[in-house]
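**Q** Shown below is the structure under consideration.
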Amino acid sequence: MLLTIGLALACVLPVAAMQPERSPVMKPKLARPPVLKEIENLQSSFTGWIGDRIKANERSWLLTAPLSNPAMTEMFFDRDREPHRDLLPWSGEFAGKYLTSAVECYRLTRNKALRKTIQATVDRFIASQGEDGYLGPFPKDRRMIGRDTWDLWGQYHCMLGLYLWYKEVGDKSALAACKRCADYFCNYFLDGKVRVYDAGSEEMNESCIHIFTLLYQETGNKRYLQLCKEIEKDFETPPSGDYIRASLAGKAFYQLPKPRWEGLHAIQGIAELYAITGDKKYRQAYEQIWNTIKQYDRHNTGGFSSGEQAQGNPYDPRPIETCCTIAWMALSVDMLKMTGDSLVADELELSFYNGVLGAMEPNGRWWTYNTPMDGERKAATQDIDFQERPGSPELSCCSVNAPRGIGMLSEWAYMVSENGVVVNYYGPSSVSLSLPNGPIVKVIQITDYPNTGNIKLKLDITKPAEFAMRFRLPSWSTHAKCSVNGSAVSGVSTGKYLDIKRQWKQGDTIDLELDMGPWLWPGEKDCSGKASLYWGPILLAYDPRFGSYSPLELPTIDLSQPSMSTSATNRLPNPYILRTFRTVDGKTVTLCDFASAGMAGNRYVSWLKAEPLPKSAEYDKRNPWRKAGCK
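Next comes the structure, spelled out in structure tokens:
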């Protein structure tokens with residue numbers, strides 16, 4: 001029955017999709033605009049360890065992927081030719097995820113070669129669009145609805161990539177293509193009296209609500225918001241996720257009917273509905289979902305999911321898919337914008353330094369599908385090679401999506417509030433921005449953070465101006481100090497933002513000092529009797545390249561003894577951080593940063609035997625570092 005409906009609609013939609021928009025539209029005024037916003041036309045520079053990773057990702061993957069994997073766009077051109085390609089249900093997502101990752105990374109570097117590559121990919125992709133607006137790779141008898149495809153999911157990612165490119169460089173053809181596809185959806189579902197629910201694979205296909213909330217904000221087209229409301233109704237129809245109603249009833253995300261990671265993109269739409277309508281139920285549901293993921297499913301690496309969904313157990317050893325961590329970070333970016341809560345930025349930092357960088361080969365040649373807490377690092381081309389196809393030998397869900405974890409720095413590292421500048425990221429870098437009706441401000445960081453907690457920021461400003469600067473003081477730091485031009489600032493407290501409002505002038509300096517660590521997260525369940533150790537935001541792990549023990553036979557670390565800094569080695573790839581700990585039997589164990597562990601193909605562990613461990617009542621599971629310090 002569903003297939004018959006789909007075929008009938010496919011015959012009439014080309015004419016309907018070409019009809020002009022019913023009335024002129026204007027951007028709507030948001031009822032609840034974001035508290036924090038990303039910087040438009042970002043001009044930034046990241047150097048040091050992170051700068052090297054940004055360049056490697058750009059050089060070895062983003063600039064080469066379209067040429068090395070031409071099927072990424074070519075599959076759209078021959079969708080109706082026989083023989084049909086052997087496609088995965090999610091094959092349509094690859095081009096969109098690549099564009100989203102590339103656009104966000106382009107924001108960081110403004111690399112002309114990358115811009116040219118993106119534009120060529122966008123142009124080729126737009127040329128493949130069907131006359132009716134269709135932006136998927138499937139033949140007519142497999143489009144839109146049907147239990148064997150995630151067609152709406154794939155087109156969602158394609159629309160998102162085009163939309164972000166338009167927002168970044170003003171490419172109107174990209175927005176026009178995005179709107180043509182959105183109009184095709186509206187004609188198909190609203191005029192065709194078919195539900196998005198009928199597409200099946202609910203947590204995937206219903207995620208298209210996110211792009212429709214964004215397009216409504218951009219265009220004011222009420223049909224886009226109408227479709228969002230219909231999808232919201234679909235959420236409540238079993239076996240959909242019931243994200244709003246169940247969350248308002250107090251259920252954790254892992255207790256919902258559809259706790260898979262793909263649903264996080266649908267949940268992003270809920271945050272946008274709060275901004276559009278101001279209805280508090282959307283914010284309450286969103287915060288419930290975010291907080292319960294953090295409490296019950298965010299691993300010690302900052303990664304999310306066990307076996308591709310929430311399980312209610314952050315110690316679960318099943319695979320932590322890279323796509324899941326990227327979706328969690330996207331959810332967190334929206335949470336940060338909505339709430340302005342510095343604890344959310346702490347989560348983004350944790351995920352970035354460990355879950356994201358741990359999924360990336362240091363030279364950028366490959367990414368992982370699974371980045372386990374304990375285990376081995378494998379390229380996605382090894383772990384999920386079943387996704388590879390002729391013409392796209394390197395494409396997988398994670399290879400195209402993972403670079404977004406780096407690109408999202410453009411959204412959260414530096415932000416703006418209503419009255420000033422927000423600094424969430426610490427590391428050698430600089431950012432330039434224009435304040436509303438004010439001067440151009442350049443913030444320059446001089447630091448070797450996260451190796452140490454000493455951070456100096458200098459201001460290069462065209463003329464004196466009064467505005468606020470907001471500095472994130474991480475929750476894992478038990479204390480912090482701040483001075484402006486050498487004069488101490490009072491009332492400094494960690495786990496929140498430090499707001500300094502004054503008249504700033506050329507050459508002003510801000511010095512921050514954070515207490516780096518190590519900090520402790522005692523394990524439970526599958527990790528009972530073990531602990532994770534952190535150096536600031538960096539998860540530490542044992543890699544036998546830097547010691548003589550087998551990862552399965554490590555001695556017990558003595559937490560009552562202080563750790564010691566250790567010099568770098570010539571074992572490639574070189575680690576960023578090495579710390580040595582004493583053991584209870586008087587020996588030593590050297591740990592490295594999690595992102596470097598296992599990169600030579602050897603086993604590593606991040607859950608370690610350690611003593612003395614605090615009792616469960618002595619630490620806060622929501623923020624385990626605060627009350628479980630070690631020397």
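Heads up, the sequence shown is in the working numbering, so the first residue is 1 and it goes up one at a time. Each residue gets a CB set at the ideal place from its N, CA and C atoms; glycine is no exception.
Throw me the rounded Cβ distance for the Leu88 and Gln387 pair, which I believe falls under 8 Å.
**A** 6 Å
**Q** Give the secondary structure of Thr509 by DSSP, where H, G and I count as helix, E and B as strand, and everything else as coil.
**A** In the three-state reduction of the DSSP assignment, Thr509 falls in the strand class.
**Q** Can you give me the Cβ contacts of Lys222 inside the same chain, cut-off strictly under 6 Å, excluding the 5 residues immediately before and after it?
**A** none
**Q** So Lys172 is in the alpha helix (DSSP H); what residue range does that whole segment cover?
**A** Per DSSP, Lys172 is one residue of the alpha helix (DSSP H) stretching across 172 to 186.
**Q** Taking the Cβ atom as the reference point for each residue, do Cys181 and Met204 lie within a distance shorter than 8 Å?
**A** no
**Q** With Glu268 as the anchor, note down where its beta strand (DSSP E) starts and where it stops.
**A** As written in the sequence, residue 268 is Gln, which differs from the Glu given in the question. Not the beta strand (DSSP E): Gln268 falls in the alpha helix (DSSP H), residues 263 to 277.
**Q** Less than 8 Å between CB atoms is the rule here; does Tyr274 satisfy it with respect to chain B?
**A** Absent from the structure is chain B; it holds one protein chain and no more.
**Q** In this structure, does DSSP put Glu349 in helix, strand or coil?
**A** helix
**Q** With distance defined between alpha-carbon atoms, name the residue in Ile320, Ala71, Met373 nearest to Lys530.
**A** It is Met373 whose Cα lies nearest to the Cα of Lys530.
**Q** Our contact map puts Ile326 next to Ala402 with C-beta atoms below 8 Å; I'd like the distance itself, whole angstroms only.
**A** The Cβ separation is near 7 Å, so the contact holds.
**Q** Out of Lys456, Asp171, Gly302, Trp367, point me to the one whose CA is closest to Tyr353's CA.
**A** Gly302
**Q** Can you say whether His299 is buried or exposed, counting buried as having 16 or more other CB atoms within 10 angstroms of its CB?
**A** buried
**Q** Nearest by alpha-carbon distance to Asn313: which of Glu349, Phe253, Ala345 is it?
**A** Phe253
**Q** Mind checking which residues open and close the alpha helix (DSSP H) that includes Gln119?
**A** For Gln119, the uninterrupted alpha helix (DSSP H) run begins and ends at 112 to 127, by DSSP.
**Q** Applying the 10 Å Cβ sphere with the 16-neighbour rule, what's the burial state of Pro83?
**A** exposed
**Q** Can you grab the Cα-Cα spacing for the pair Ser23 / Ser493, in whole Å?
**A** Confidence in Ser23 is poor, its pLDDT being 46 and thus under 50, which makes the residue's placement unreliable; the coordinate value appears in the next sentence. So the alpha carbons of these two residues sit roughly 53 Å apart.
**Q** Take every Cβ of the stretch 496 to 513, pair it with every Cβ of the stretch 478 to 485, and state whether three or more of those distances are shorter than 8 Å.
**A** yes
**Q** So, with DSSP's three-state summary, where would you put Ser410?
**A** helix
**Q** How long is the line joining the alpha carbons of Asn370 and Arg502, rounded to whole angstroms?
**A** 47 Å
**Q** Whose CA, out of Lys116, Pro390, Gln311, Arg245, lies closest to the CA of Gln284?
**A** When Lys116, Pro390, Gln311, Arg245 are compared, the shortest CA-CA separation from Gln284 is found for Arg245.
**Q** Are the stretch 144 to 152 and the stretch 65 to 83 in contact at 8 Å, needing three or more beta carbon pairs?
**A** Flag = no, the stretch 144 to 152 and the stretch 65 to 83 do not touch.
**Q** Where Leu336 and Ala345 are concerned, what is the direct C-alpha to C-alpha distance, given to the nearest angstrom?
**A** 7 Å
**Q** Would you report the Cα separation of Glu21 and Asn424, rounded to the nearest angstrom?
**A** For Glu21, the predicted structure reports a pLDDT of 44, less than 50, and the residue's modelled location is therefore unreliable. A value from the coordinates is still provided. If you take the alpha carbons of Glu21 and Asn424, they lie about 42 Å apart.
**Q** Considering only DSSP beta bridges, list what Val416 is partnered with.
**A** Lys37, Val421
**Q** I need the straight-line Cα distance from Asp593 to Asp515, nearest angstrom please.
**A** 18 Å
**Q** Per DSSP, what are the beta-bridge partners of Met360 in this structure?
**A** Trp367
**Q** Between the alpha carbons of Thr588 and Ser565, how many angstroms are there, rounded?
**A** 12 Å
**Q** Thinking Leu30 and Ala413 are a contact (beta carbons under 8 Å), I'd like their distance in whole angstroms, please.
**A** At roughly 24 Å, the Cβ-Cβ gap does not stay under 8 Å, so Leu30 and Ala413 are not in contact.
**Q** How far does the alpha helix (DSSP H) with Tyr639 in it extend, from its first residue to its last?
**A** Because the chain here runs from 1 to 631, residue 639 falls outside it and cannot be looked at.
**Q** Spell out the partners DSSP gives Pro522 in its beta bridges.
**A** Ala531
**Q** For the stretch 125 to 135 against the stretch 429 to 440, are there 3 or more C-beta pairs whose distance is under 8 Å?
**A** no
**Q** Got a sec, what are the start and stop residues for the beta strand (DSSP E) Phe467 sits in?
**A** 465 to 473
**Q** Out of Val400, Ala266, Gly438, Ser477, which has the shortest C-alpha to C-alpha gap to Gly161?
**A** That would be Val400, whose Cα lies nearest to the Cα of Gly161.
**Q** Would you say Met329 and Met408 are within 8 Å of each other, going by their C-beta atoms?
**A** yes
**Q** Give me the DSSP bridge partner(s) of Tyr426.
**A** The partner list for Tyr426 (beta bridge, DSSP) is empty, contrary to what the question assumes.
**Q** My assumption, with CB atoms under 8 Å, is that Ser247 sits in contact with Glu206. Please give the rounded CB distance.
**A** Going by Cβ atoms, the distance from Ser247 to Glu206 rounds to 15 Å, so no, they are not a contact pair.
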